[in-house]
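Report on the following structure.
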Amino acid sequence: MTLRTPLFAGLSLLVGAVAACSNPTETTDAPEAAAPVPTLTLYSSRHYDSDKALFAMFEEQEGVKLDVREAKAEQLIETMKAEGDQSPADVIITADAGSLWRFQEAGLTQVLESEALSAAVPEKYRSADGAWYGLARRLRGIAYDPSRWSPEDLPTWDTLAAEDKAGEICVRSSSNIYNLSLMGEIIHRYGSEAAQAWATSIVGNMARNPQGGDTDQIRAIAAGECSLAIVNHYYWVRLGASSTEADQQVAASTAFLVPEFTAGSGSHVNITGAAVASTADDPALAETFMTFLLSETGQTYLTTETKELPLLDTTALPEGVEAVPEFTASDVNLGVYGENQAEAQRLFDLAGWN
Amino acid sequence: MPRLTVSLRSIPPALLIALVGLPVLMAIWAGVTAGGGATWDHILQNRLGPYSLTTIWVLILAGLLMLVIAVPAAWLVSLFEFPGRSLFSWALILPLAMPGYVMAYAWADLLGVAGPLLSWVREVTGWAARDYWL
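Here it is, written out as structure tokens:
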């Protein structure tokens, strides 16, 4: 008997709270209604304090309120799908062109034709139809044990698949978007058959079953479980910039190189990018925001903490990134990563890359 | 014979259960209605077999571990009196309160090649990761 009352009370509280949430108009008869501040709702898969500082600057500069909602890209996609026409999303920021493509493919983006953005972002780092634009660059390369290998041993991705690398490779699972996008470019360049053969050889050279994230692969090199790992450059740079001594040691006992596909082909580059959400009601404001992210200030703040490479050549490299060797970027348009994504996963599966 | 009646007081908990369960039901519904296509065919042909085998393997392994660890532990705390019995009788249930994936990540971190345990082993012995089997 005594249990019943609190339960009823709790439930009516809950119902009351739900009712209050779904009834926001009640507050409009406040004494003085403030002038409406335009709000830009941002769905971001990034979680960095430097982003917050940057967004605060934009709010100040433009007199706009930024409503930032952070979650993983997959969660943001499902959220937006569920919200449908009612989604508050105006701008989407996410890492990897393959991930941007997923938003586009799900009909969650809208085309933005922008002279300012098109001038700032090289053609290969934006979708052909203006559905998304790059904001920062990231490299997928090879971390290695310098006591075992030198960059001359690994000029191309093919050399990683060679027999002398048997039992030496650590890499994360194939369903990871970074791997899918790398495979997407390999498929684009050499076709499915060659791509599957490459993946099969990599699987044959693995030191262990795919597990963990990129940082875990670099740590595994330092621990001696493998001597080569396929990772994004900034994970390695961040270990070196870490305040933990153990992490610094991991970075110091490893090195990083940026292979090409074939000699002179250029190297695999990916991006963090932004798109205007299909539900955005003020695309011009969204464009202003994206243009701000491509300003010198925007570029600096976007990359200082993440250790990505700025998209603009004029912006200084973040501290620590100078340890990444010089590279020539591939000329392939990043739209192919998404186009080949399903095929990439299929070939990885057939190759036995878990 | 017990009578099956719906009493008023069962409505609030039923509503609460429905509220908590709704997202799960929605996810199942979305999965059932949005299937099909080339990806699904690929999963059926190439992945469903290995996935199912892994699931069965995990079931067998978990069952065996339960028989070896959980059943004797439950038997001991239920049928025997020993110092610390009352502590164990509730402490052994605590892992059930933890989400499985949280525990899995914690174990993976603890026992991984770069985790504290094996790092310590390497430090003490001077071995590299491939000099020992673990």
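Protein chains in written order, with our numbering: chain R, -3 to 350; chain L, 9 to 142. Glycine included, every Cβ here is placed at the ideal spot set by N, Cα and C.
### Query
Taking Cβ positions only, does V121(L) come closer than 7 Å to chain R?
Here residue 121(L) corresponds to residue number 113 of the second sequence, with the count starting at 1. Yes - at least one Cβ of chain R is within 7 Å of the one on V121(L).
### Query
Rounded to a whole number of angstroms, what is the C-alpha to C-alpha distance between W107(L) and G39(L)?
Position 99 of the second sequence, counting from 1, holds the residue named residue 107(L). Position 31 of the second sequence, counting from 1, holds the residue named residue 39(L). According to the sequence displayed, residue 107(L) carries Pro and not Trp. Near 23 Å, if we compare the C-alpha coordinates of G39(L) and P107(L).
### Query
Counting contacts by CB-CB distance shorter than 7 Å, is R144(R) in contact with chain L?
Here residue 144(R) refers to the residue found at position 148 when the first sequence is read from its first residue. Taking 7 Å as the threshold, the shortest C-beta distance from R144(R) to chain L does not fall below it.
### Query
Which bits of chain R does T47(L) rub up against, with CB to CB less than 9 Å?
By 1-based counting over the second sequence, the position of residue 47(L) is 39. Per Cβ cutoff of 9 Å: A338, Q341 and R342.
### Task
Could you tell me if R133(R) is buried or exposed, where buried requires 16 or more neighbouring beta carbons within 10 angstroms of its beta carbon?
For the purposes of this step, residue 133(R) is identified with residue 137 of the first sequence, where counting begins at 1. Buried: at least 16 other Cβ atoms inside 10 Å.
### Task
Compare the Cα-Cα distances from D351(R) to each of E58(R), Q100(R) and A67(R) and report the closest residue.
One cannot answer for residue 351(R) here, as it falls past the ends of chain R, which runs -3 to 350.
### Query
Relative to chain L, which residues along the segment 217 to 229 of chain R have a C-beta separation below 9 Å, given in chain order?
A218, A219, G220, E221 and C222
### Message
Would you say D345(R) lies against chain B (beta-carbon separation less than 7 Å)?
### Response
Absent from the structure: chain B. Protein chains present are R and L.
### Query
When the distance is taken between beta carbons, is R136(R) closer than 7 Å to V129(R)?
For the purposes of this step, residue 129(R) is taken as the residue at position 133 of the first sequence. For the purposes of this step, residue 136(R) is taken as the residue at position 140 of the first sequence. Note that residue 129(R) is Tyr in the sequence shown here, rather than Val. No, they are not a contact pair.
#### Entry: Cβ-based burial, N205(R) [other Cβ within 10 Å; buried from 16]
Taking the first residue of the first sequence as position 1, residue 205(R) is located at position 209. It is exposed - the Cβ of N205(R) has fewer than 16 other Cβ atoms within 10 Å.
### Query
Do you know offhand how far Y186(R)'s Cα is from A112(R)'s?
Taking the first sequence and counting its residues from 1, one reaches residue 186(R) at position 190. Taking the first sequence and counting its residues from 1, one reaches residue 112(R) at position 116. So the two alpha carbons sit approximately 35 Å from each other.
### Query
Could you give the distance in angstroms between the alpha-carbon of D327(R) and the alpha-carbon of K120(R)?
If you number the first sequence from 1, residue 327(R) lands on position 331. If you number the first sequence from 1, residue 120(R) lands on position 124. Computed Cα separation, rounded: 7 Å.
### Message
Just checking: is the beta-carbon of R138(L) within a distance shorter than 7 Å of some beta-carbon in chain R?
### Response
Along the second sequence, one-based indexing puts residue 138(L) at 130. True, the Cβ-Cβ gap to chain R drops below 7 Å.
#### Entry: Entirely enclosed alpha helix (DSSP H) segments - the segment 128 to 199 of chain R, minimum 4 residues
153 to 156
### Query
What does a CB cutoff of less than 8 Å around L308(R) pick up in its chain, not counting 5 residues either side in sequence?
Taking the first residue of the first sequence as position 1, residue 308(R) is located at position 312. So the qualifying residues of the chain are A116, L290, E292 and Q295.
### Near-chain L residues of the segment 63 to 97 of chain R (beta-carbon distance less than 7 Å), N- to C-terminal order
none
### Task
Note down, in chain order, every chain L residue with its Cβ under 9 Å from the Cβ of D212(R).
Here residue 212(R) corresponds to residue number 216 of the first sequence, with the count starting at 1. Those within 9 Å of D212(R) in chain L are G120, V121 and A122.
### Message
Taking only three categories from DSSP, how would you classify L224(R)?
### Response
Taking the first sequence and counting its residues from 1, the one referred to as residue 224(R) is at position 228. Looking at L224(R) - three-state DSSP - the assignment turns out to be strand.
### Task
Could you tell me which of A31(R), F257(R), S177(R) and I214(R) sits nearest to I267(R), measuring between CA atoms?
Locating residue 267(R) in the first sequence gives position 271, counting from the first residue. Selected option, being the one with the closest Cα: S177(R).
### Task
Mind checking which residues open and close the alpha helix (DSSP H) that includes A105(L)?
Looking up residue 105(L) in the second sequence gives position 97. Segment: none, A105(L) is in no alpha helix (DSSP H) and carries neither H nor E.
### Query
Would you say R234(R) reaches chain L, if we count a Cβ-Cβ gap shorter than 7 Å as a contact?
By one-based count along the first sequence, residue 234(R) stands at place 238. R234(R) does not count as touching chain L.
### Task
May I ask you to report which of helix, strand or coil DSSP gives E322(R)?
Mapped onto the first sequence, residue 322(R) falls at position 326. It is coil, neither helix nor strand.
### Task
Could you tell me if T133(L) is buried or exposed, where buried requires 16 or more neighbouring beta carbons within 10 angstroms of its beta carbon?
Residue 133(L) sits at position 125 when you count from the first residue of the second sequence. So T133(L) ends up on the exposed side.
### Task
Taking only the alpha-carbon atoms, compute the straight-line gap between T13(L) and A273(R) and give it to the nearest angstrom.
As a position in the second sequence, residue 13(L) is number 5, starting the count at 1. As a position in the first sequence, residue 273(R) is number 277, starting the count at 1. Straight-line Cα distance between these residues: approximately 51 Å.
#### Entry: For G236(R), the nearest candidate out of I226(R), L224(R), A218(R) and C222(R) (CA to CA)
Position 240 of the first sequence, counting from 1, holds the residue named residue 236(R). Measuring from the Cα of G236(R), the nearest candidate turns out to be A218(R).
### Query
Residues of chain R with a CB under 8 Å from the CB of R93(L): which are they?
Within the second sequence, numbered from 1, the residue matching residue 93(L) stands at position 85. Within chain R, no residue comes near R93(L); the closest Cβ sits about 30 Å away, beyond 8 Å.
### Task
Report the three-state DSSP secondary structure of W141(L) (helix, strand or coil).
Walking along the second sequence from the start, residue 141(L) turns up at place 133. Reduced to three states, the DSSP call for W141(L) is coil.
#### Entry: Residue span of the beta strand (DSSP E) that contains R65(R), given as start and end
Locating residue 65(R) in the first sequence gives position 69, counting from the first residue. Its beta strand (DSSP E) spans residues K61 to E66.
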